[in-house]
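So in UniProt numbering, the last spot in the sequence shown is 487, and the numbers never skip. Even glycine gets a Cβ: it sits at the ideal position worked out from N, Cα and C. In what follows, a structure is listed as structure tokens, so that the remarks can point back to it.
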Amino acid sequence: MAVNPLDSAPLSESDSNTTANTRASSGELSSALLTRYAGPCPRYTSYPTADRFTDLSAGSATAAGADARKPWDALQDINTLSLYVHIPFCRSLCYFCACNKVITQQYGLASSYLDRVLTEAQWYREKVARVPVTQLHLGGGTPTYLNDGDLTRLVQGLGDIFDLNPGGDVEYSVEADPRVLEPETLDTLRGLGFNRLSMGIQDFNPEVQRAINRICSPEQVRGLTEAARERGFGSISYDLIYGLPGQDVASLERTIDTVVELAPDRIALYHYAHLPHRFKAQRLISSDLIPPPQAKIDMQLAATRRLTDAGYQFLGMDHFARPDDPLARATKDGRLARNFQGYTLMPADALVGLGASAISYSRDGYWQNHHGQKEYATAIGERGEAICRGWQLDTDDRVRQWVIMELMCHLRLDKREVERRLGSPFEDYFAQDLARLRPLVADGLVLESREDLVVSERGRWFLRNIAAAFDRHLHAGASAAQYSRVL
Ligand code: SF4
């Protein structure tokens, strides 16, 4: 899912020197720093974070009254649109999974779910200005659980309502599970206009794969990568995870070596958040097998070093791209943005998310659908939409949203630019936030000058903590325990 129509300042040359920025050693990240900052913290794929959303439905009154504007009213006033469709179905359970998914072999469930998604899309017909869809993303779950006929039905149905395939610079992407993707489906996807494929790899080590119940050989991935390239997919990305059960530095390095040989255009290297109290599937993983924080940081450092040595550019917090990839170029031009899928190119003016748990945004705020299949189906059947929660942005939220995304994407905050947006002195407005930031400055994670705040090499590992200093809602009394650990 995608977010944040934010302006951004370009990176300085030194900030974008990724090799220099990734040379922090394990020794430099002392155990004192780990103790202080490795605890739970939001990932800031949006601001405010989705857990702050409050009750909001299309028919409900807000605090400002029944006739008050809702965030989706701003969909009339946009120039470009992103679409996200959540397809939650999977054939088998991966034990690390924290996604909203349904494990089933009954294909009929997916087919009738698709009917509901297309009904929901109709609800937006009158609400969204007819503008080019510059980003389309199918996520899950496993979008390619849908057969080729239903994938075609989905995209053609969306095309009846939204302006798909406008030509020009568009990014139409699909998340794929290499264990269940057939080359023929790649033909279908290309024919429907998809130009980007994202594959969940996680780790190639057979022992780790057994521990997470996701067996997939490098040969399978190689075959699909080559097949996707032959069919003209312009960008192929792999998702990897560190901190999985049974992983260590040496095994992760072997996985990275295989990945480098397969040469995807982009790589996302995520931290595994073991939260068995929240995600039932994770109870199937023995906590004893989870590497401790110091081992995780060693893995992250080793993987980062190997990827940058192989020529990948380190972007933001956890993404890598070949220097000629549009995401790397966007970083250099100051157009890198962050949304519900992680780092992305500058997103559209608004996002419409379709399907269970999907989140949408406009410049006025966020809104999210019911999470459960039953609730989603009931709401669509009764009202044609399934919105249950959301957030209307106020002026303070907008400024903080910009500040947090600047730090997360560009590792720098221009104080004077914030003042131009605020119309008041930076130090006065953010006095409490700067007080919260002081220990991180003292620890050398942030370099502060009169003009700016710059994330240091060491600070990059604690980017979430730095951003959290500016999160007014996080510090308004709620517990941070529900978030994943930084390391
Ligand atoms: S990791 Fe992907 S394929 Fe595995 S259960 Fe979760 S959503 Fe399904």
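query: Residue list, Cβ distance to the ligand SF4 heavy atoms smaller than 6 Å; result: Cys90, Leu93, Cys94, Cys97, Cys99, Lys101, Gly140, Gly141, Thr142, Asp177, Gly200
query: Gln373 and Val102 closer than 8 Å at C-beta; result: yes
query: Opening and closing residue of the alpha helix (DSSP H) in which Val117 lies; result: 107-123
query: One or two residues paired with Leu136 in a DSSP bridge; result: Leu83, Tyr172
query: Contacts around Pro323, its chain only, beta-carbon distance under 6 Å, and the 5 residues preceding and following it disregarded; result: Gln313
query: Span of the alpha helix (DSSP H), counted from its first residue to its last, around Gln76; result: Segment: none, Gln76 is in no alpha helix (DSSP H) and carries neither H nor E.
query: Whether Ile267 touches Phe233 by CB criterion (8 Å); result: no
query: Alpha-carbon spacing of Tyr361 relative to Asn369, whole angstroms; result: 12 Å
query: Nearest to Asp318 (by Cα), restricted to the options Thr35, Trp461, Cys94, Asp77; result: Trp461
query: Where Pro71 falls, given that 16 or more other Cβ within 10 Å makes a residue buried; result: buried
query: For Val260, three-class secondary structure by DSSP; result: helix
query: As assigned by DSSP and simplified to three states, the class of Arg338; result: strand
query: Extent of the continuous beta strand (DSSP E) to which Trp402 belongs; result: Run containing Trp402: none in the beta strand (DSSP E); it sits in the alpha helix (DSSP H), 395-410.
query: C-alpha gap between Ile87 and His371, whole angstroms; result: 12 Å
query: Close Cβ partners of Asp177 (< 7 Å) along its chain, the five nearest in sequence each way excluded; result: Thr142, Thr144, Gly200
query: Pick from Thr35, Phe96, Ser82, Ala32 that is closest to His277, judged by C-alpha positions; result: Phe96
query: Residues that Met199 bridges to, as DSSP identifies them; result: Ala176, Tyr238
query: Between the CA atoms of Tyr172 and Leu217 - distance to the nearest angstrom; result: Per the sequence shown, the amino acid found at residue 217 is Ser instead of Leu. Spanning the two alpha carbons is a distance of roughly 26 Å.
query: Among Arg229, Pro347, Ser237, Asp265, nearest to Gly311 - alpha-carbon criterion; result: Asp265
query: Rounded distance between the beta-carbons of Leu437 and Glu427, thought under 8 Å; result: About 12 Å; that fails the 8 Å criterion.
query: Rounded C-alpha distance that separates Gln282 from Asn213; result: 11 Å
query: Whole-angstrom distance between His271 and Tyr238, CA atom to CA atom; result: 14 Å
query: Residues that DSSP places opposite Leu447 in a beta bridge; result: Val454
query: Cβ pair Arg190, Arg229 closer than 8 Å; result: no
query: DSSP-derived helix/strand/coil call for Asp15; result: Residue confidence is low: Asp15 scores 31 on pLDDT, short of 50, so the model does not pin down where it sits. Its coordinate-derived value is still stated next. If DSSP states are grouped into helix, strand and coil, Asp15 belongs with coil.
query: Sub-8 Å separation of residue 523 and Pro42 beta-carbons; result: In the structure as shown, the chain begins at 1 and stops at 487. Residue 523 is therefore absent and cannot be evaluated.
query: As assigned by DSSP and simplified to three states, the class of Gln156; result: helix
query: Beta strand (DSSP E) runs wholly inside the region 254-303, at least 3 long, in chain order; result: 266-271
query: Proximal residues to Arg196 (C-beta, below 8 Å), its chain only, five neighbours per side dropped; result: Glu171, Tyr172, Ser173, Val174, Phe233, Gly234, Ser235, Ile236, Ser237
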